[in-house]
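Numbering (our numbering), first residue to last: 42 to 222. All residues carry an ideal CB built from backbone N, CA and C; glycine is no exception.
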């Protein structure tokens with residue numbers, strides 16, 4: 042994600058630290074996957090160690106994947122959302138207006154605590170959009186829903202550049218969102 046270096050509103054130092062954190066999730070996902078494969082081949086699938094590694098894989102994998110969606114959404118030359126796009130129309134349908142959605146998304150990001158704000162689409166049942174707060178990588182996700190927009194609100198995403206001014210970070214993130222992606 043080095044193409045994001047120079048992104049307005051994000052220092053290169055903060056981005057590099059964030060990329061290193063992401064790389065840790067990638068490395069651990071790969072290590073845990075290999076460990077599980079080895080334990081399975083050795084007949085250790087009924088051990089407490091196998092169970093713990095299996096549980097840990099969800100944390101590392103989701104940490105990796107959520108960061109990928111987060112970084113892939115941003116761009117140094119972001120496209121604004123088109124009022125003629127299907128997403129804009131769906132946001133307006135489900136939230137009453139784009140402004141209502143934005144207000145809800147920002148309010149979710151400003152909730153106390155650490156985690157993620159995710160705009161989900163439920164393609165399975167309700168066919169609607171949700172803004173959700175996800176406290177930890179591996180729990181609280183809306184089952185069957187597709188994450189469309191992911192905003193990291195763990196301190197590592199904003200403290201270096203914004204201190205405790207999360208609202209300023211949220212504004213910078215939203216300015217960097219490439220709505221074509």
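In this structure, residue 103 places its C-beta atom within 8 Å of the C-beta atom of residue 178.
Looking at the DSSP output, residue 77 bridges to nothing.
Partner residues in the beta bridge of residue 190, as assigned by DSSP, are 160.
DSSP places residue 177 within a strand segment (E or B) once states are collapsed to three.
According to DSSP, residue pairing for residue 218 in a beta bridge involves 115. Between the alpha carbons of residue 53 and residue 155 lies a gap of roughly 22 Å. Two segments are said to touch when three or more pairs of C-beta atoms, one from each, lie closer than 8 Å; by this definition the segment 87-103 does not touch the segment 128-142.
Between residue 77 and residue 134, the alpha-carbon positions lie close to 44 Å from each other.
In this structure, residue 210 sits away from residue 195, with a CB-CB distance that is not shorter than 8 Å. Buried is the label assigned to residue 115, since at least 16 other Cβ atoms lie within 10 Å of its Cβ. Between residue 101 and residue 66, the C-beta gap is smaller than 8 Å, which places the two residues in contact. Annotation for residue 69: 101 place their beta carbon closer than 6 Å to its own, counting only its chain and skipping 5 residues before and after.
Residue 105 sits buried, since 16 or more C-beta atoms from the chains shown fall within 10 Å of its C-beta. Residue 170 is bridged by DSSP to 162.
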